[in-house]
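Be aware that the sequence shown starts at 47, since it is given in my numbering, and climbs by one per residue. The structure under discussion appears below in the form of structure tokens.
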Amino acid sequence: MEFSLSDEQNMLRDTAERWLASLPSRPQADRALWREIADMGWLGAGFSEAEGGIDGGPVEVAVIMEMAGRALLRAPLIEGMVLGARLLSGAGAKTSLANVLEGQSIELPALEEPNQRHAPFTPDLRLMDCGGGHRLSGTKSLVSWATLADHFLISASDGAGSLVLLRVPADREGISLRERRLLDGGDAADLLLTDVAIGHDDILCQGNTAEDVLSEALDHATAALCAEAVGLADLLHERTLEYLKTREQFGQPIGSFQALQHRMVDLNIALEEARSLAMMANHALSLPAGEARVSPLSAAKQGVCARCLQIGREAIQLHGGIGMTEELPIGSAFRRLKALSLGLGDEAWHLERIADARGEISTGKEA
């Protein structure tokens with residue numbers, strides 16, 4: 047396998063790094079920033095020119111996500127640039143996808159529900175038949191960046207229990223938001239649906255097609271999440287190494303103490319392991335969709351998050367109390383890593399998914 051970046055990918059990385067460096071510390075998305083992200087070509091990084099993208103793929107997306115992680119960029123990249131866009135692409139919604147890639151529309155997934163443990167393929171939310179149309183009532187939980195959305199991409203079940211993916215305008219009558227703040231400081235909201243009218247044109251796909259589209263989109267989002275986690279861990283490793291070189295105790299830098307040197311070596315090993323696992327996640331996307339991807343993707347997600355959280359915990363310890371202050375990025379990066387470790391299925395969910403794929407347990411599609 048070839049792990050080095052091409053000239054074009056290195057150029058993308060350098061351009062992203064320079065642009066992110068020009069932003070204020072820990073930038074947070076608004077519509078103006080999202081427009082800049084679109085103008086940079088990021089939103090089309092994973093799509094072909096025919097679809098309105100830059101003819102890139104998972105590696106280009108990973109490059110962007112890693113740089114965004116290093117910069118502590120708070121924006122709906124996983125949700126909008128990857129997951130939402132992949133849902134539209136898979137469903138054949140060409141016009142909607144083009145609007146997203148051009149930055150004209152922000153379309154965000156609403157997949158999680160109260161009292162459910164990440165069961166995206168079996169939503170409790172029901173699409174009810176009503177006089178020649180459909181109605182939707184219920185709640186979608188913790189929709190990231192919901193206040194920025196022009197449309198929501200909602201998962202539901204039809205009368206037969208089959209999966210349905212819907213594209214619904216954010217200003218549709220009956221939709222309201224209960225705003226929340228996430229662990230990492232990002233914006234989110236519960237999506238409250240009260241007798242929302244759903245027309246035929248609001249249905250993206252359903253049944254087996256919807257399951258395939260959602261599975262493909264989640265796979266790409268998982269690989270992107272791994273890349274962002276590596277970027278965050280790289281930032282933590284770099285800042286901790288700098289601190290050990292400059293913080294003095296007993297008249298010498300604490301980085302000269304052998305015990306701390308050994309701990310930094312362990313962090314470097316963990317970082318390189320995480321980077322390799324993120325590469326494995328990207329490689330898994332080249333495998334046939336379905337069971338062939340399950341083990342490498344879930345192993346990568348679990349392994350990347352475990353190692354990056356290890357780096358985060360050690361970074362805080364090696365900084366001492368100052369590591370949790372708002373003035374340093376250490377605490378913010380660790381909180382984001384914790385949020386990523388819980389997103390798109392936590393450690394237990396992915397371990398169960400691997401075991402299920404290997405026939406060791408039977409937990410159903412959602413596990």
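Where a beta carbon is used, it is the ideal one built from N, C-alpha and C, also for glycine.
Beta-carbon contacts of residue i that lie in its chain and below 6 Å, excluding the five residues immediately before and after
i	result
W395	H164
R72	L118
D101	S94, E95
A121	A75
A156	K186, V189, F198, I200, L237
L333	R339
A195	I152, L154, A216
E337	A403
R59	V109
8 Å CB neighbourhood of residue i in its chain, flanking five on each side removed
i	result
A269	P104, V107, A108, A324, A327, N328, A330, L331, L343, A346
M370	I362, I376, G377
A62	M86, W88, V109, I110, M113, A114
G205	R172, L173, M174, D175
R218	V242, A243
Cβ-Cβ separation, residue j to residue i (assumed contact under 8 Å), whole Å
i	j	result
G277	M113	6 Å
A263	L133	5 Å
E153	G130	5 Å
A379	L281	6 Å
R81	A139	Rounded, the Cβ-Cβ distance is 21 Å, inconsistent with contact.
G232	S190	6 Å
L390	A279	At roughly 18 Å, the Cβ-Cβ gap does not stay under 8 Å, so L390 and A279 are not in contact.
C272	V340	About 15 Å; that fails the 8 Å criterion.
E393	A352	7 Å
R382	D230	4 Å
L386	A275	5 Å
H283	L313	6 Å
Same chain, Cβ closer than 7 Å to residue i, neighbours up to 5 away in sequence not counted
i	result
A46	Because the chain here runs from 47 to 413, residue 46 falls outside it and cannot be looked at.
I144	Here residue 144 turns out to be Ala, not Ile, going by the sequence shown. Around A144: G98.
T409	Here the model assigns T409 a pLDDT of 44, short of 50, so the residue's position is not dependable, and the following value carries that caveat. Correct list, in chain order: E398, D402.
G405	none
A413	For A413, the predicted structure reports a pLDDT of 38, less than 50, and the residue's modelled location is therefore unreliable. The matter cannot be settled from this model.
V259	L133, G136, A137, L211, C251
Q162	D170
F49	M325
R181	M174, D241, V242, A243, I244
G366	none
S290	One detail in the question is off: residue 290 reads as Leu in this sequence, not Ser. Within the same chain, L290 has close Cβ partners P299, I300, G301, L306, M310, L364.
Where the alpha helix (DSSP H) containing residue i begins and where it ends
i	result
V276	253-292
E97	First-last for E97: undefined, no H or E at that position.
T240	Looking at the DSSP string, T240 is not in any alpha helix (DSSP H); the run it does join, the beta strand (DSSP E), is 233-244.
E174	The sequence shown places Met at residue 174, not Glu. Unbroken run through M174 is the beta strand (DSSP E), 173-176; no alpha helix (DSSP H).
L209	Careful: L209 lies outside any alpha helix (DSSP H), inside the beta strand (DSSP E) at 209-215.
E319	304-330
V340	337-365
S142	140-147
I221	Premise fails: I221 lies in the beta strand (DSSP E), 221-227, not in any alpha helix (DSSP H).
P104	104-116
F380	376-388
E54	53-67
I400	393-403
I83	77-85
R132	131-136
Assigned exposure category for residue i - 16 Cβ within 10 Å defines buried
i	result
S201	buried
H308	exposed
Q150	exposed
T292	exposed
Q304	exposed
G90	buried
S142	buried
M47	Note that M47 has pLDDT 49, beneath the 50 cutoff, so the model's placement of it is unreliable and no number is given.
C354	buried
I249	buried
Q418	Any question about residue 418 goes unanswered here, given that the chain covers just 47 to 413.
D265	buried
V311	exposed
R116	buried
M57	exposed
G177	exposed
E125	buried
Element boundaries [beta strand (DSSP E), containing residue i]
i	result
S187	179-190
L477	Nothing about residue 477 can be read from this structure; the chain reaches only from 47 to 413.
A206	Element bounds for A206: n/a, residue is neither H nor E.
Subject >> Sufficient close CB pairs (3 or more, under 8 Å) joining the segment 345-360 to the segment 231-246 >> reply: Because the criterion of three Cβ pairs below 8 Å is not met, the segment 345-360 and the segment 231-246 do not touch.
Original post:
Is the segment 248-263 touching the segment 223-235, taking contact as three or more C-beta pairs under 8 Å?
Top reply: Per the Cβ contact rule, the segment 248-263 is not in contact with the segment 223-235 (fewer than 3 Cβ pairs under 8 Å).
Original post:
So, do the segment 192-201 and the segment 230-238 have three or more beta carbon pairs nearer to each other than 8 Å?
Top reply: Short answer: they touch.
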